[in-house]
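A short write-up of the structure that comes next.
In our numbering, the protein residues as written are 1 to 294.
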(Lines of atoms letter the chains of each structure in order from A and count residues from 1; the text may use other names and numbers.)
(Lines give C-alpha, C1' and ligand atoms only; values in the text may rest on other atoms or scores of the structure.)
Protein backbone atom coordinates (compact mmCIF):
# COMPACT_ATOMS: atom_id res chain seq x y z
CA UNK A 1 0.00 0.00 0.00
CA UNK A 2 1.50 3.31 -1.14
CA UNK A 3 -0.28 6.02 0.84
CA UNK A 4 0.29 9.51 -0.53
CA UNK A 5 0.73 12.36 1.93
CA UNK A 6 -1.29 14.83 -0.15
CA UNK A 7 -4.35 12.58 0.14
CA UNK A 8 -3.87 12.26 3.90
CA UNK A 9 -3.52 16.05 4.13
CA UNK A 10 -6.89 16.48 2.40
CA UNK A 11 -8.43 13.94 4.79
CA UNK A 12 -7.07 15.82 7.81
CA UNK A 13 -8.24 19.26 6.63
CA UNK A 14 -11.74 18.06 5.77
CA UNK A 15 -11.97 16.37 9.18
CA UNK A 16 -10.99 19.65 10.85
CA UNK A 17 -13.19 21.92 8.72
CA UNK A 18 -16.14 19.55 8.13
CA UNK A 19 -16.43 21.34 4.81
CA UNK A 20 -14.88 20.67 1.39
CA UNK A 21 -14.70 24.32 0.33
CA UNK A 22 -12.93 25.51 3.46
CA UNK A 23 -10.56 22.53 3.40
CA UNK A 24 -9.73 23.25 -0.24
CA UNK A 25 -9.04 26.91 0.58
CA UNK A 26 -6.54 25.88 3.26
CA UNK A 27 -4.85 23.61 0.71
CA UNK A 28 -4.87 26.34 -1.96
CA UNK A 29 -6.71 23.82 -4.08
CA UNK A 30 -10.24 23.20 -5.37
CA UNK A 31 -13.12 21.32 -3.72
CA UNK A 32 -13.18 18.86 -6.61
CA UNK A 33 -9.47 18.06 -6.16
CA UNK A 34 -9.92 17.52 -2.41
CA UNK A 35 -13.01 15.40 -3.03
CA UNK A 36 -11.00 13.27 -5.46
CA UNK A 37 -8.32 12.71 -2.79
CA UNK A 38 -10.99 11.47 -0.37
CA UNK A 39 -12.45 9.18 -3.01
CA UNK A 40 -9.01 7.70 -3.71
CA UNK A 41 -8.37 7.11 0.00
CA UNK A 42 -11.72 5.43 0.51
CA UNK A 43 -11.06 3.24 -2.50
CA UNK A 44 -7.57 2.37 -1.26
CA UNK A 45 -8.69 1.63 2.32
CA UNK A 46 -11.99 0.06 1.22
CA UNK A 47 -13.90 1.94 3.93
CA UNK A 48 -16.17 4.98 4.02
CA UNK A 49 -14.39 7.86 5.75
CA UNK A 50 -17.01 10.65 5.67
CA UNK A 51 -20.76 11.05 5.80
CA UNK A 52 -21.90 13.74 3.36
CA UNK A 53 -24.91 15.90 4.25
CA UNK A 54 -26.31 19.39 3.66
CA UNK A 55 -24.63 20.46 6.91
CA UNK A 56 -21.21 19.40 5.65
CA UNK A 57 -18.89 16.44 6.08
CA UNK A 58 -18.60 14.35 9.25
CA UNK A 59 -16.29 11.46 10.01
CA UNK A 60 -17.58 7.92 10.07
CA UNK A 61 -16.48 5.55 12.81
CA UNK A 62 -13.70 4.34 10.50
CA UNK A 63 -12.67 7.94 9.81
CA UNK A 64 -12.56 8.69 13.54
CA UNK A 65 -10.19 5.77 14.08
CA UNK A 66 -7.88 7.02 11.34
CA UNK A 67 -7.80 10.63 12.52
CA UNK A 68 -5.23 10.25 15.31
CA UNK A 69 -2.74 8.15 13.29
CA UNK A 70 -2.96 10.65 10.42
CA UNK A 71 -2.26 13.54 12.81
CA UNK A 72 0.76 11.62 14.12
CA UNK A 73 2.03 11.21 10.56
CA UNK A 74 2.06 14.97 10.01
CA UNK A 75 3.58 15.61 13.42
CA UNK A 76 6.41 13.26 12.45
CA UNK A 77 6.77 14.98 9.07
CA UNK A 78 7.04 18.34 10.82
CA UNK A 79 9.68 16.94 13.16
CA UNK A 80 11.69 15.75 10.16
CA UNK A 81 11.35 19.17 8.54
CA UNK A 82 12.43 21.02 11.68
CA UNK A 83 15.41 18.74 12.17
CA UNK A 84 16.48 19.25 8.57
CA UNK A 85 16.17 23.02 8.94
CA UNK A 86 18.18 22.97 12.16
CA UNK A 87 20.96 21.06 10.43
CA UNK A 88 21.39 23.92 8.00
CA UNK A 89 22.36 26.20 10.87
CA UNK A 90 24.82 23.74 12.43
CA UNK A 91 28.33 24.35 11.15
CA UNK A 92 29.75 21.07 9.85
CA UNK A 93 33.44 20.76 10.63
CA UNK A 94 36.09 18.18 9.81
CA UNK A 95 38.85 17.57 12.34
CA UNK A 96 42.03 15.57 11.74
CA UNK A 97 43.16 13.32 14.59
CA UNK A 98 46.65 11.80 14.70
CA UNK A 99 46.97 8.24 16.04
CA UNK A 100 50.35 7.05 17.31
CA UNK A 101 49.14 3.53 18.20
CA UNK A 102 46.51 1.06 16.99
CA UNK A 103 43.01 2.53 17.50
CA UNK A 104 42.00 -0.15 20.00
CA UNK A 105 44.79 0.95 22.36
CA UNK A 106 43.60 4.55 22.15
CA UNK A 107 39.92 3.79 22.89
CA UNK A 108 38.99 5.21 19.51
CA UNK A 109 35.89 3.01 19.19
CA UNK A 110 34.40 4.51 22.35
CA UNK A 111 35.41 8.02 21.32
CA UNK A 112 33.61 7.54 17.99
CA UNK A 113 30.49 6.22 19.71
CA UNK A 114 30.36 9.19 22.06
CA UNK A 115 31.14 11.64 19.26
CA UNK A 116 28.19 10.31 17.26
CA UNK A 117 25.87 11.05 20.19
CA UNK A 118 27.36 14.33 21.42
CA UNK A 119 28.87 15.85 18.25
CA UNK A 120 26.92 14.42 15.30
CA UNK A 121 27.78 17.38 13.07
CA UNK A 122 31.52 16.76 13.43
CA UNK A 123 33.43 14.76 10.82
CA UNK A 124 36.58 13.04 12.02
CA UNK A 125 39.53 11.99 9.87
CA UNK A 126 42.14 9.77 11.52
CA UNK A 127 45.77 9.70 10.41
CA UNK A 128 48.35 7.17 11.62
CA UNK A 129 51.65 8.88 12.42
CA UNK A 130 54.60 8.59 14.81
CA UNK A 131 54.46 10.76 17.93
CA UNK A 132 57.13 13.06 16.50
CA UNK A 133 55.23 13.50 13.24
CA UNK A 134 52.03 14.23 15.15
CA UNK A 135 53.73 16.98 17.15
CA UNK A 136 55.14 18.52 13.98
CA UNK A 137 51.86 18.32 12.10
CA UNK A 138 49.80 19.73 14.96
CA UNK A 139 52.19 22.69 15.07
CA UNK A 140 51.95 23.13 11.30
CA UNK A 141 48.15 22.64 11.50
CA UNK A 142 48.19 19.65 9.16
CA UNK A 143 46.56 17.85 12.10
CA UNK A 144 44.14 19.40 14.57
CA UNK A 145 44.94 17.16 17.53
CA UNK A 146 46.64 13.86 18.26
CA UNK A 147 47.92 11.26 20.67
CA UNK A 148 51.64 11.29 21.47
CA UNK A 149 54.04 9.55 23.84
CA UNK A 150 56.61 11.28 26.02
CA UNK A 151 57.12 14.79 27.31
CA UNK A 152 55.83 17.71 25.22
CA UNK A 153 57.04 21.03 26.57
CA UNK A 154 56.43 23.29 23.59
CA UNK A 155 54.47 26.36 24.82
CA UNK A 156 52.52 26.39 21.56
CA UNK A 157 50.89 23.09 22.51
CA UNK A 158 48.08 22.27 24.89
CA UNK A 159 49.10 18.95 26.44
CA UNK A 160 46.92 16.74 28.64
CA UNK A 161 48.40 13.47 30.00
CA UNK A 162 45.87 10.66 29.56
CA UNK A 163 47.53 7.63 31.13
CA UNK A 164 50.95 6.17 31.95
CA UNK A 165 52.13 3.64 29.37
CA UNK A 166 54.47 0.71 30.02
CA UNK A 167 57.31 0.16 27.58
CA UNK A 168 58.77 -3.34 27.34
CA UNK A 169 61.79 -5.03 25.83
CA UNK A 170 60.93 -7.71 23.29
CA UNK A 171 63.28 -10.29 21.82
CA UNK A 172 63.00 -13.12 19.30
CA UNK A 173 60.76 -15.94 20.49
CA UNK A 174 63.59 -18.45 20.18
CA UNK A 175 66.12 -16.47 22.22
CA UNK A 176 67.97 -18.52 24.83
CA UNK A 177 67.77 -15.68 27.35
CA UNK A 178 65.27 -15.95 30.18
CA UNK A 179 66.14 -12.50 31.49
CA UNK A 180 68.21 -9.61 30.22
CA UNK A 181 71.74 -9.30 31.62
CA UNK A 182 71.88 -7.15 34.73
CA UNK A 183 74.86 -5.01 33.67
CA UNK A 184 75.00 -2.43 30.90
CA UNK A 185 78.06 -3.87 29.16
CA UNK A 186 76.50 -7.32 28.73
CA UNK A 187 73.30 -5.78 27.45
CA UNK A 188 75.19 -3.71 24.88
CA UNK A 189 76.71 -6.89 23.45
CA UNK A 190 73.24 -8.01 22.40
CA UNK A 191 71.95 -6.90 18.99
CA UNK A 192 69.46 -4.04 19.33
CA UNK A 193 66.85 -2.52 17.05
CA UNK A 194 67.06 1.13 18.03
CA UNK A 195 64.16 3.55 17.59
CA UNK A 196 65.09 6.58 15.52
CA UNK A 197 66.23 9.76 17.25
CA UNK A 198 62.82 11.40 16.94
CA UNK A 199 61.02 8.56 18.72
CA UNK A 200 60.03 9.18 22.37
CA UNK A 201 61.46 5.73 23.15
CA UNK A 202 64.95 6.76 21.98
CA UNK A 203 65.99 8.15 25.38
CA UNK A 204 65.06 4.86 27.05
CA UNK A 205 67.92 3.16 25.20
CA UNK A 206 70.54 4.90 27.35
CA UNK A 207 68.53 4.01 30.46
CA UNK A 208 68.53 0.43 29.24
CA UNK A 209 72.09 0.14 27.90
CA UNK A 210 73.95 2.79 29.88
CA UNK A 211 75.28 6.28 29.05
CA UNK A 212 77.90 4.89 26.66
CA UNK A 213 75.25 3.38 24.38
CA UNK A 214 75.10 4.89 20.91
CA UNK A 215 72.88 4.54 17.88
CA UNK A 216 76.03 3.73 15.93
CA UNK A 217 76.20 0.43 17.85
CA UNK A 218 72.71 -0.61 16.73
CA UNK A 219 72.19 -3.76 14.70
CA UNK A 220 69.54 -1.74 12.86
CA UNK A 221 67.04 1.05 13.52
CA UNK A 222 63.29 1.42 13.13
CA UNK A 223 60.86 4.25 12.47
CA UNK A 224 57.90 2.69 14.29
CA UNK A 225 56.82 -0.13 16.59
CA UNK A 226 55.42 -2.25 13.77
CA UNK A 227 58.79 -2.28 12.03
CA UNK A 228 60.52 -3.01 15.33
CA UNK A 229 58.37 -6.10 15.93
CA UNK A 230 58.95 -7.35 12.38
CA UNK A 231 62.72 -7.00 12.80
CA UNK A 232 62.66 -8.68 16.21
CA UNK A 233 60.60 -11.57 14.83
CA UNK A 234 63.14 -12.05 12.06
CA UNK A 235 65.90 -12.41 14.68
CA UNK A 236 67.66 -9.10 13.97
CA UNK A 237 67.75 -8.13 17.64
CA UNK A 238 65.90 -6.85 20.70
CA UNK A 239 63.68 -3.77 20.73
CA UNK A 240 61.33 -1.52 22.68
CA UNK A 241 57.57 -1.42 22.12
CA UNK A 242 54.48 -0.37 24.02
CA UNK A 243 53.41 -3.13 26.45
CA UNK A 244 49.94 -3.85 25.04
CA UNK A 245 51.36 -4.11 21.54
CA UNK A 246 54.12 -6.35 22.89
CA UNK A 247 51.56 -8.67 24.50
CA UNK A 248 49.53 -8.83 21.31
CA UNK A 249 52.66 -9.62 19.29
CA UNK A 250 53.76 -12.29 21.78
CA UNK A 251 50.33 -13.95 21.65
CA UNK A 252 50.70 -14.29 17.88
CA UNK A 253 54.15 -15.82 18.23
CA UNK A 254 57.53 -14.60 17.13
CA UNK A 255 58.52 -12.35 20.04
CA UNK A 256 59.17 -12.75 23.73
CA UNK A 257 58.56 -10.10 26.39
CA UNK A 258 61.15 -9.33 29.07
CA UNK A 259 59.50 -7.94 32.18
CA UNK A 260 62.68 -6.37 33.50
CA UNK A 261 63.52 -3.54 33.30
CA UNK A 262 60.15 -1.82 33.16
CA UNK A 263 59.96 1.66 31.63
CA UNK A 264 57.10 4.15 31.80
CA UNK A 265 56.11 7.06 29.59
CA UNK A 266 52.93 9.11 29.22
CA UNK A 267 50.25 8.95 26.58
CA UNK A 268 49.17 12.54 25.95
CA UNK A 269 46.56 14.32 23.90
CA UNK A 270 47.80 17.49 22.23
CA UNK A 271 46.48 20.35 20.13
CA UNK A 272 47.57 23.89 19.37
CA UNK A 273 46.98 26.34 22.21
CA UNK A 274 45.29 28.83 19.90
CA UNK A 275 43.30 26.18 18.05
CA UNK A 276 41.86 24.94 21.34
CA UNK A 277 39.75 28.10 21.32
CA UNK A 278 37.82 26.74 18.32
CA UNK A 279 34.56 25.43 19.75
CA UNK A 280 34.40 22.23 17.69
CA UNK A 281 38.03 21.33 18.45
CA UNK A 282 37.63 22.08 22.14
CA UNK A 283 34.49 19.92 22.27
CA UNK A 284 36.24 16.91 20.73
CA UNK A 285 39.43 17.43 22.75
CA UNK A 286 37.49 17.56 26.02
CA UNK A 287 35.40 14.53 25.02
CA UNK A 288 38.55 12.46 24.44
CA UNK A 289 40.09 13.58 27.73
CA UNK A 290 36.91 12.67 29.61
CA UNK A 291 37.08 9.15 28.13
CA UNK A 292 40.33 8.57 30.04
CA UNK A 293 39.21 9.97 33.39
CA UNK A 294 38.81 7.32 36.10
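For each residue, glycine too, the CB sits at the ideal point set by N, CA and C. From a predicted model like this one, the values you see are computed outputs, not experimental measurements.
Closest Cα partner of residue i within the set the options
| i | options | result |
| --- | --- | --- |
| residue 161 | 10, 13 and 290 | 290 |
| residue 259 | 143, 47 and 168 | 168 |
| residue 269 | 56, 124, 134 and 172 | 134 |
| residue 92 | 277, 52, 123 and 112 | 123 |
| residue 159 | 33, 271, 37 and 45 | 271 |
| residue 183 | 261, 38, 255 and 241 | 261 |
| residue 299 | 140, 136 and 238 | Any question about residue 299 goes unanswered here, given that the chain covers just 1 to 294. |
| residue 54 | 157, 226, 33 and 18 | 18 |
| residue 243 | 41, 102 and 56 | 102 |
| residue 204 | 239, 227 and 234 | 239 |
| residue 26 | 40, 45 and 6 | 6 |
| residue 84 | 41, 121 and 57 | 121 |
| residue 4 | 74, 29 and 52 | 74 |
Residues near residue i in its chain [Cβ-Cβ closer than 7 Å; skip 5 each side]
| i | result |
| --- | --- |
| residue 70 | 8, 11 and 12 |
| residue 181 | 187 |
Same chain only: Cβ atoms within 8 Å of residue i, ignoring 5 sequence neighbours per side
| i | result |
| --- | --- |
| residue 107 | 291 and 292 |
| residue 21 | 31 |
| residue 236 | 191, 193, 219 and 220 |
| residue 188 | 209, 210, 212, 213 and 217 |
| residue 264 | 164, 165, 166 and 167 |
| residue 35 | 20 |
| residue 118 | 283 and 287 |
CB of residue i within 7 Å of CB of residue j, strictly
| i | j | result |
| --- | --- | --- |
| residue 24 | residue 59 | no |
| residue 229 | residue 249 | yes |
| residue 95 | residue 284 | yes |
| residue 267 | residue 275 | no |
| residue 288 | residue 148 | no |
| residue 173 | residue 241 | no |
| residue 47 | residue 62 | yes |
| residue 146 | residue 138 | yes |
| residue 80 | residue 156 | no |
| residue 97 | residue 68 | no |
| residue 49 | residue 42 | yes |
Sequence-distant residues of the same chain with beta carbon closer than 6 Å to residue i, five excluded per side
| i | result |
| --- | --- |
| residue 2 | none |
| residue 257 | 168, 170, 246 and 250 |
| residue 223 | 196 |
Residue i CB to nearest heavy atom of the ligand ZN below 6 Å
| i | result |
| --- | --- |
| residue 181 | Inclusion of the ligand ZN in the displayed structure is not the case, the ligand content being empty and no account of it being possible. |
Quiz item: Quick check: the region 174-181 against the region 116-130, are there 3 or more CB pairs under 8 Å?
Solution: no
Quiz item: Where in the region 175-209 do unbroken runs of the alpha helix (DSSP H), each at least 4 residues long, occur, reported from the N-terminal end onward?
Solution: 184-189 and 202-209
Quiz item: Which ranges would you report for the alpha helix (DSSP H) in the region 28-99 if only whole runs of at least 4 residues count?
Solution: 31-45 and 61-89
Quiz item: Which ranges would you report for the beta strand (DSSP E) in the region 91-150 if only whole runs of at least 3 residues count?
Solution: 93-99, 122-128 and 145-149
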